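This report refers to the structure that appears directly beneath it.
Residue numbers (the working numbering): 182 to 754.
And the structure:
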């Protein structure tokens, strides 16, 4: 077996017409510069999490492409280098072609100590999944990989020399992956470009500017009234929240529906952001419908506080339908690149960076986002790119709304999410109408002997020490429940609406809701009350129209609540 080709000649990506493109060396240097640039945006509390050598780990991510199993994928390169016969004779096609796995075990050899091996694992995970079985690396090619590694480590500082904790490990994994995606944008890093390091670093900063990656900037506002002009004065719960939530920690705001918990949490988030104790905001709700509605409420708040014209990103499986503004895009250099054959999934990897920056998932990376809680929960389960979600949420204020609605399984995941978010220097604010004392203690991580108030409403939290602030209870309301069986009370519903009452009729299924709607329409006299129907089978655009109408009629500032019957179905059934 002869000497390996010089690493300077090894290609990293191919051009659209299949020719060898940017070299492994150039791409690794570019990604290292992107990682360096990303680190400059981090606040002190997040920088303190990271070891020296984080940018070096990012630069080493593709070093495994200096290998026969990977290089033989480009027939044009073999022909160009007159290596076709040698590749055939030496069986390059039978060699390991998963470059991420080779990168991982090359870095493992460089680290030397088994206690440091987890750092190598995050290098191998940059395509979204963790690699496992050790591979034979091959001596001639290993020499070239080590020669390239020496240059990269010299440029970006030595590798970490202390073992990581779990949160830091996956935070660095997210940094590496995001840097790789941005460093693959051929607008800023063309396939045939060769630069000195100052130019690479300049282009890295330009690339981040182009995709709108920036530190959050907020206006200095003087008080609650400036944040919410429509509210004349903060109520007792909002005042208690302001007095309690002053430092990063975990907090629970308990109070009945409509008491201003959302505004209290947003005001607290603003105070933490403006004082440099948080890097942004993610507001998580249990369903698409609730996240769509909160998105409309949070958007004007962000426009009030933000010094940049930054839209609030919405994230859930259908949020692309609701976005009013196209996000900045990456243009990866490998939309049809064959170089990832025999990786986990070539098409999936080729589109990964594009999808994260050009879809609703960008909300997790943007300074301000609203979405469903499952998008955050995917950061603590074995989902692809789970660590990118952790990277995006780190350092932010994360508001978890309607926590009382989750089942046992989701509630357990919520507990794990809260723990990980705190390890990532987040402030977690939990909103609920009804939490048991046991559940509150679990979420706050209180020891068994810690006394806790049974007051309601209540703002409590842990930020170094345990904090509680009881609030004045709201005026009591009387709700009468009457069971109705047999014939549907159609005439009673219409008669109440005729007397200026507003009725909401919830059925268990869409079919039942439609049937009741038709029956009410038939029984309604000319000039009678308005009757409306809402369910999940409407096309998205029509459902949006109906939801907006319902909010205008029934929301916080209704135009006219009376003489209306609203029909819906209970999706929980």
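Just so it is clear, CB atoms sit at the ideal spot from N, CA and C, and this is done for glycine as well.
None of these values were measured; they are calculated from a predicted model.
Own chain residues within Cβ distance below 8 Å of residue i, not counting five before or after
i           : result
residue 372 : 194, 196, 202, 203 and 514
residue 348 : 230, 571, 601, 604 and 605
residue 567 : 351, 559, 560 and 561
residue 583 : 466, 467, 471, 612, 613 and 614
residue 375 : 207
Beta-carbon proximity list for residue i, same chain, < 7 Å, skipping 5 on both sides
i           : result
residue 262 : 186 and 190
residue 517 : Residue confidence is low: residue 517 scores 36 on pLDDT, short of 50, so the model does not pin down where it sits. Its coordinate-derived value is still stated next. Cβ neighbours of residue 517 beyond the five flanking positions: 197.
residue 214 : 381, 382 and 385
residue 577 : 459, 460, 461, 462, 463 and 607
residue 587 : 467 and 595
residue 519 : In this prediction, residue 519 has a pLDDT of 38, which is less than 50 and means its spatial position is unreliable; what the coordinates show is noted afterwards. So the list reads 195 and 254, once near-sequence residues are dropped.
residue 575 : 227, 352, 605, 606 and 607
residue 285 : 301, 302, 304, 305 and 312
residue 632 : none
Inter-residue Cα distance where the pair is residue i and residue j
i           : j           : result
residue 321 : residue 247 : 10 Å
residue 527 : residue 278 : Legend: pLDDT at residue 527 = 37, less than 50; position of this residue unreliable, value from coordinates given subsequently. So the alpha carbons of these two residues sit roughly 12 Å apart.
residue 659 : residue 594 : 35 Å
residue 561 : residue 601 : 8 Å
residue 407 : residue 414 : 10 Å
residue 283 : residue 289 : 10 Å
residue 442 : residue 639 : 11 Å
residue 688 : residue 235 : 55 Å
residue 241 : residue 268 : 25 Å
residue 508 : residue 393 : Reliability fails at residue 508, whose pLDDT of 46 lies under 50, so the model's placement of it is uncertain and no value is given.
residue 653 : residue 417 : 6 Å
residue 622 : residue 548 : 30 Å
residue 426 : residue 673 : 48 Å
residue 705 : residue 694 : 16 Å
residue 646 : residue 613 : 22 Å
residue 308 : residue 250 : 18 Å
residue 733 : residue 727 : 10 Å
residue 531 : residue 479 : Interpretation of residue 531 is limited by its pLDDT of 41, a score under 50 that renders its predicted location unreliable; the figure taken from the coordinates is listed afterwards. Cα to Cα, residue 531 sits roughly 34 Å from residue 479.
residue 554 : residue 273 : 46 Å
residue 618 : residue 345 : 35 Å
residue 423 : residue 474 : 24 Å
residue 428 : residue 398 : 19 Å
residue 356 : residue 340 : 15 Å
residue 729 : residue 598 : 32 Å
residue 323 : residue 361 : 22 Å
residue 663 : residue 579 : 40 Å
residue 192 : residue 436 : 60 Å
residue 678 : residue 667 : 21 Å
residue 456 : residue 482 : 17 Å
residue 591 : residue 676 : 42 Å
Reduced DSSP category for residue i - H, G, I as helix; E, B as strand; rest coil
i           : result
residue 376 : coil
residue 681 : coil
residue 692 : helix
residue 715 : coil
residue 660 : coil
residue 461 : coil
residue 498 : Reliability fails at residue 498, whose pLDDT of 46 lies under 50, so the model's placement of it is uncertain and no value is given.
residue 487 : strand
residue 669 : coil
residue 479 : helix
residue 195 : strand
residue 455 : helix
residue 288 : helix
Sequence-distant residues of the same chain with beta carbon closer than 6 Å to residue i, five excluded per side
i           : result
residue 643 : 430, 431 and 625
residue 700 : 671
residue 218 : 385, 386 and 389
residue 337 : 213, 236, 237 and 240
residue 280 : 245, 246 and 251
residue 529 : In this prediction, residue 529 has a pLDDT of 47, which is less than 50 and means its spatial position is unreliable; what the coordinates show is noted afterwards. Counting only Cβ-Cβ distances below 6 Å, and skipping sequence neighbours, we find nothing.
residue 358 : 307 and 569
Run of the alpha helix (DSSP H) containing residue i, from where it starts to where it stops
i           : result
residue 205 : 205 to 220
residue 324 : 320 to 337
residue 731 : 721 to 735
residue 304 : 298 to 305
residue 361 : 347 to 364
residue 260 : 256 to 261
residue 224 : Looking at the DSSP string, residue 224 is not in any alpha helix (DSSP H), and its letter there is neither H nor E.
residue 618 : 618 to 625
residue 252 : 249 to 252
residue 184 : It is not in any alpha helix (DSSP H) - residue 184 carries neither H nor E in the DSSP assignment.
The beta strand (DSSP E) enclosing residue i, as first and last residue numbers
i           : result
residue 646 : 646 to 651
Residue i: CB within 7 Å of a non-hydrogen atom of the ligand GDP
i           : result
residue 327 : This structure simply doesn't include the ligand GDP, nor any ligand for that matter.
(message) My parser needs the alpha helix (DSSP H) runs of 4 or more residues fully inside the region 546 to 614; what are they?
(response) The qualifying runs are 554 to 558, 567 to 574 and 589 to 604.
(message) In chain order, what are the residue ranges of uninterrupted beta strand (DSSP E) at least 3 long that sit wholly in the region 371 to 453?
(response) The qualifying runs are 431 to 435.
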